[in-house]
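Asker: Protein chains in written order, with the working numbering: chain D, 91 to 324; chain G, -14 to 600; chain P, 26 to 185.
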Amino acid sequence: MARTVTITVDGATIQTAEGSSVLDAALEAGICIPNLCHMPSVSPIGACRVCIVEVVDDGRRKMTASCTLGARDGMVVEAHSETVLRARRHIVELIVAEAPNSRAVQDLAARVGVTRSRYPMRDKHCVLCGRCVRVCDEVWQSKSLGFVGRGGDRHVALPFDKRPDLCKRCNSCVEVCPMTITPCPGPMAVPGICGLCESQTSMVENIPDTCVMCELGRGFQCARWQLRGLLAPA
Amino acid sequence: MSRLVEVSDLASCREGLTRERSAWPIRVTLSGGTCGEASGSTGVLKALTTQLHKDGLAEKVHVRVTGCQGFCQEEPLLIVEPLDVLYCNVKSEDVSEIVRESLVNGRVVERLCFVDGASGRTVQRPADLPFFAKQDRELIGHNQSIDPCDIGDYIANGGYSALAHVLTSMSPEAVIEEIRASGLRGRGGGGYPTARKWEQCREASGQERYVICNADEGDPGAYMDRGLLEGNPHSILEGMMIGAYAIGSNQGYVYVRNEYPLAVAHTREAIEQAWDLGLLGERILGTDFSFDVKVARGAGAFVCGESTALMASLEGQVGEPRSKDIHTVERGYLDRPTALNNVETWANVPRIISNGSAWFAGKGTDQSKGTKIFALTGHVKNTGLVEVEMGTTLREIIFDIGGGPQNGKQIKAVQTGGPSGGCLPAALFALPVDYEALSAAGSMMGSGGMVVMDDSACMVDVARYFLKFLKDESCGKCVPCRVGTDRMLEILADFAEGRGTMEQLDTLKDLAWAVGAGSLCALGKTAPNPVLSTLRYFHDEYEAHIRDRRCPAGVCRALARYVIDPDLCADCGQCVEACPHGAILEADVYQIDQTLCEQCGLCAETCVVGAISRV
Amino acid sequence: MELSNVDTILENRGAEPFDIIEVLQDLQGLHGYLPEELLCRVSESFAVPLIEVFRLASFYRAFSLKPRGRHLVTVCLGTACHVRGAPRMLDEVVAQLDVEPGETTEDRAFTLETVNCLGACALGPIVVIDGEYHGDMSPGKLRALLGAVRDGDQAVVASV
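So, in structure tokens, the structure goes:
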């Protein structure tokens, strides 16, 4: 069995198994590091980079994604330093401009304090988080869909756009998709970011980094939802 | 040659090979690397062989086809020994004259010799070539005396003696210490100390370990690794064997990009010959060391030059990098300890062992030791592979070796380090080639591409070019790299096409920072460098594009306009045929329809009287 | 499609994990592209899910999922070629063949591709036609070259 180690996240001491993901450890301890492509029970890929943190080692700071970062004893992590926040906001700004029509993405924007995007809005239906790909592969051992192409052409697809025999029609790929968790009707209609999340946005403006009870958190039994009794424990 | 069973066999084998070689009365060396072949060396070789047979000289004259010798623009090069004369740009038609004059009569064919542009002097001896004279050709110089498909040449030139020395009289730890003392750092760009990498790999837990040679040289404008692998593959194999011995590995891989078919073929041939001689396989030279190497062909993906992506590709997967929080020296190929080094790094290893670490450490600067090969290309008189001691200034490379600008233009900048590097302005040409000095200036050593640009290059266009490259070559896995490069490109396109705003310039700077800070792998982390360095040194060009809607170099098409001067026009109509867009109208006088014109400039190039100009 | 060749390639493959990529390269070389049925065979032969094979074929530039023309024109867009005028070479080919990079002409005579560097930078700009390197190109030389290849192609097609 893995050794228990002690790490520090934003000044709070957390005990967790050695090598387990820092993001998981923080979320379990109720410290919210915003994230998107992360999903409990499937392996992390570090694709969205929303959960980036700084690891402070001997005065040197290194930025890396917390989902793919294995906990080591004595590790000091800062998830909300000025540098991290600046980078994370910009990354979320990029994501929200790609696919503003998702409530999950909008929540994420509100959570990190992004209220406008400097980039022309696009209307993509996929942010390439790879949740569907991993749930198909790892949970259902199905490997029916995957990332196809590279760079700007990268997209999720079935081989030759045909449903392979391996597919069990379990529909998990659809269920875990952040784009299908409560689609967001507002943003493409109005310039800027969603007009329906004002309460969230104002909350974050007053109390930076506060929990906005995001759709992703509800979908994946985030500790905060459980703590507030809004969700039965899994 | 018979199999080498013991260490002493190597020395006797070398003696025999040297004797054989000294008996060749006349030697002709023809460079037949990719540059040579592209310039017609195959035809020259065919003509030469035919001519020698016809004249009954086939027995007397030994012809050696080598890899790239470095002076690529003058290819194919042909050297005649013992006459010691170098001919440039040799064509099949020249062969009979060379055979008659130089091989039979021992006379120099002056018209085929290199003429030094600066002095107007004809250069006969290869060593006197100004291009070679100012270099320190420790690695690339051997290409001249080695047929890459003949292991005998390599052994006759002292090859595999470093391996024999290591296997018989050095412990693995002593090898690592020797490399540490030499100060060798990774030649792929990052400059990580090689000995530290080997030591970490040696100490990592695990039964199997691997050594990998990264020959996925994807940087556009860089081909040093091709030059080495094509021209002297055994030096890389020997380096890998020594490294494998040091870290305790029995299996190596050479990962070569498939755009280098000749390098693939020569490496495969070299491995086969090494096997036949017993230099690869079980119990090499009668010692306890066993080792094998396999060649893996890349399939066309720049990102596979990144170590974790390369290993994913070796594992038969798509080349997507993974987080490096656990280093590849601990968990690399197949999750086992792996030491991956660049071609040039491996090639340095046997020379360090043979000549001693002090010899190597005696060259270069405080932090950067030895020599470095650069691919000098672009707007400069002499282009080719240039090997210099670390610490040589950019000016010496560009002006003394490269011969300065072409056609009397002004050199404006040099791009080093490929898409991960940056553009350095002429004002900084006093900078030495040194890992730290180049990084501090906002570029990087990179693998060694050095593209010189004169005032006909637009720096916004160069930044745009690299961003387009990176957008295409990004694996697309992480958001900052995939979306960030796309958005940077979008902004640069706005600049280049006259839609830019100063606010976008601020966004671009902020975004460049975020992409560098947030990306997963080195490709993304360094992707903003071309933008950041051009912003830093050529801010005025950006402002000209944004504020004045003007491209000072006249490169950005949307900001240019072509017109025909009716007074100069000869009414020949060639421009009408040349125009791919049907934009030239035949009325009383020829005119360009600006709504159809795509500003490609083909008409101006076609016009014999120079009546078409860009305004 | 000659199955015997495909069988030979599949049977003679090595045992390293990267041999799946080697096999795909050999098959690409054999057919000029990777049709669906071939990828299915590779998937079966290696016991790898089809999506993984499909991903490889779509990720690496060396592979093409669409048939290529009888002649392959590759324009190098490396940095050295770029600053020496490669974009104009590309314009010329696009204009001559009336196809965009990655596409094949309607008569299947030519496929146009671009490459990000061939490592023959000193000779730029470079255009490769059917594996033969042509250095120091200009739009005029290129036009003549393409014309010659087209004439040769038409002669061959006519004689069949």
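No residue lacks a Cβ here, since even glycine has one placed at the ideal position from N, Cα and C.
What number of angstroms, rounded off, separates the C-alpha of Leu184 of chain D from the C-alpha of Leu520 of chain G?
Answerer: Cα to Cα, Leu184 of chain D sits roughly 22 Å from Leu520 of chain G.
Asker: Taking 7 Å as the limit between beta carbons, can you name the residues of its chain near Asp419 of chain G, skipping five residues before and five after?
Answerer: Within the same chain, Asp419 of chain G has close Cβ partners Thr350, Gln352, Ser353, Met375 and Gly376.
Asker: Which residues bound the alpha helix (DSSP H) around Gly57 of chain D?
Answerer: Outside the displayed span of chain D (91 to 324) sits residue 57 of chain D, for which this structure offers no information.
Asker: Verify whether the separation of the beta carbon atoms of Gly309 of chain D and Ala194 of chain D is less than 9 Å.
Answerer: Yes, the Cβ-Cβ distance between Gly309 of chain D and Ala194 of chain D is below 9 Å.
Asker: With DSSP as the reference, label Val217 of chain D as helix, strand or coil.
Answerer: Coil, per DSSP.
Asker: Taking its Cβ as the centre, do 16 or more other Cβ atoms sit within 10 Å of Asn191 of chain D, making it buried, or is it exposed?
Answerer: Buried is the call here.
Asker: Per the DSSP calculation, Lys237 of chain G is bridged to which residue(s)?
Answerer: According to the sequence shown, residue 237 of chain G is Gly rather than Lys. Note: Gly237 of chain G sits in a beta bridge opposite G:Val196 and G:Val278.
Asker: Which residues in chain P sit within 7 Å of Lys279 of chain G, going by Cβ to Cβ distance?
Answerer: Result: Glu41.
Asker: Provide the residue span of the beta strand (DSSP E) that contains Ser89 of chain P, from first to last.
Answerer: Careful: Ser89 of chain P lies outside any beta strand (DSSP E) and carries neither H nor E.
Asker: Between the alpha carbons of Ala279 of chain D and Ala478 of chain G, how many angstroms are there, rounded?
Answerer: Interpretation of Ala279 of chain D is limited by its pLDDT of 49, a score under 50 that renders its predicted location unreliable; the figure taken from the coordinates is listed afterwards. Distance between the alpha carbons of Ala279 of chain D and Ala478 of chain G is about 26 Å.
Asker: Let's see if you can read the secondary structure: which residues bound the beta strand (DSSP E) around Gly586 of chain G?
Answerer: Note, Gly586 of chain G: premise wrong, no beta strand (DSSP E); not H, not E.
Asker: Among the residues of its own chain, which have a CB less than 7 Å from the CB of Phe414 of chain G, if the five just before and after it don't count?
Answerer: So the qualifying residues of the chain are Thr378, Leu379, Arg380 and Ile383.
Asker: As a quick exercise: from G:Asp525, G:Cys463, G:Leu214 and G:Asp533, pick the residue whose alpha carbon is nearest that of Leu124 of chain G.
Answerer: Here the closest residue by C-alpha is G:Leu214.
Asker: Would you kindly check if the distance between the Cβ of Asp243 of chain D and the Cβ of Ser83 of chain P is under 9 Å?
Answerer: Yes, the pair counts as a contact, with Cβ atoms nearer than the cut-off.
Asker: Any chance you could list the alpha helix (DSSP H) runs of at least 4 consecutive residues sitting entirely within the stretch 74 to 138 of chain G, in chain order?
Answerer: Within the stretch 74 to 138 of chain G, the complete alpha helix (DSSP H) runs of at least 4 residues are 80 to 83 and 115 to 118.
Asker: Would you verify that the beta carbon of Lys258 of chain D is, or is not, closer than 9 Å to some beta carbon of chain P?
Answerer: False, the Cβ-Cβ gap to chain P never drops below 9 Å.
Asker: Among G:Thr107, G:Ala442, G:Met473 and G:Ala343, which one has its Cα closest to the Cα of Glu163 of chain G?
Answerer: Per the Cα distances, G:Ala343.
Asker: Show which residues of chain D have a CB atom less than 8 Å away from the CB atom of Cys460 of chain G.
Answerer: Within 8 Å Cβ-Cβ: Arg240, Gly241 and Arg244.
Asker: Where do the N-terminal and C-terminal ends of the alpha helix (DSSP H) with Ala250 of chain G fall, by residue?
Answerer: That run of the alpha helix (DSSP H) goes Pro246 to Leu262.
Asker: Does the distance from the C-beta atom of Val464 of chain G to that of Arg139 of chain D stay below 9 Å?
Answerer: It is a contact, given that the beta carbons lie within the stated cut-off.
Asker: Would you please state the rounded distance, in angstroms, between the beta carbons of Val118 of chain P and Val100 of chain P? I believe it to be under 8 Å.
Answerer: Confirmed, Cβ separation roughly 6 Å.
Asker: In chain order, what residues of the same chain lie with their CB nearer than 6 Å to the CB of His159 of chain P, ignoring the 5 residues before and after it?
Answerer: Correct list, in chain order: Val152.
Asker: Just checking: is the beta-carbon of Ala279 of chain D within a distance shorter than 9 Å of some beta-carbon in chain G?
Answerer: Reliability of the predicted coordinates at Ala279 of chain D is poor, the pLDDT of 49 falling under 50, and the value obtained from them is presented with this limitation in mind. Chain G, which has no Cβ nearer than 9 Å to the Cβ of Ala279 of chain D, makes this no.
Asker: Going straight from the alpha carbon of Thr252 of chain G to that of Ile46 of chain P, what length do you get?
Answerer: Cα to Cα, Thr252 of chain G sits roughly 18 Å from Ile46 of chain P.
Asker: Return the CA-CA distance between Ala563 of chain G and Cys588 of chain G, expressed in angstroms with no decimal places.
Answerer: When rounded, the distance between both Cα atoms is 6 Å.
Asker: Could you give the first and the last residue of the continuous beta strand (DSSP E) run that contains Val160 of chain G?
Answerer: Where Val160 of chain G is concerned, there is no enclosing beta strand (DSSP E), although the alpha helix (DSSP H) it sits in stretches over Pro157 to Ser167.
Asker: In the DSSP assignment, the alpha helix (DSSP H) including Cys65 of chain P goes from what residue to what residue?
Answerer: Start and end: Glu61 to Phe71.
Asker: Can you tell me the Cβ-Cβ gap for Arg133 of chain P and Gly165 of chain P, rounded? I've got them flagged as a contact below 8 Å.
Answerer: Not a contact, Cβ separation roughly 27 Å.
Asker: Could you tell me how far apart the beta carbons of Asn326 of chain G and Thr511 of chain G are, in whole angstroms, since I believe they sit closer than 8 Å?
Answerer: Wrong, their Cβ atoms sit about 19 Å apart, outside the cutoff.
Asker: Let me confirm a value: Gly39 of chain P is counted as buried when at least 16 other C-beta atoms fall within 10 Å, else exposed. Which label applies?
Answerer: Flag for Gly39 of chain P reads exposed.
Asker: Looking at the structure shown, is Tyr420 of chain G part of a helix, part of a strand, or coil, going by DSSP?
Answerer: Looking at Tyr420 of chain G - three-state DSSP - the assignment turns out to be helix.
Asker: First and last residue of the beta strand (DSSP E) that includes Ser598 of chain G?
Answerer: First-last of the beta strand (DSSP E) with Ser598 of chain G: Ile597 to Arg599.
Asker: So within the stretch 146 to 224 of chain D, which uninterrupted beta strand (DSSP E) runs reach at least 3 residues, ignoring any that extend past its ends?
Answerer: Complete beta strand (DSSP E) runs here, min 3: 150 to 155 and 166 to 168.
Asker: If you draw a straight line from the C-alpha of Thr11 of chain G to the C-alpha of Lys76 of chain G, how long is it?
Answerer: The question names Thr, yet the displayed sequence has Ile at residue 11 of chain G. So the alpha carbons of these two residues sit roughly 20 Å apart.
Asker: Roughly how far, in whole angstroms, is the beta-carbon of Pro513 of chain G from the beta-carbon of Ala497 of chain G, given that I think they are within contact range, below 8 Å?
Answerer: With a Cβ gap of about 4 Å, Pro513 of chain G and Ala497 of chain G count as contacting.
Asker: What is the C-beta distance between His524 of chain G and Met438 of chain G, in whole angstroms, given that I count them as a contact (C-beta under 8 Å)?
Answerer: Incorrect: roughly 17 Å between the Cβ atoms, too far for contact.
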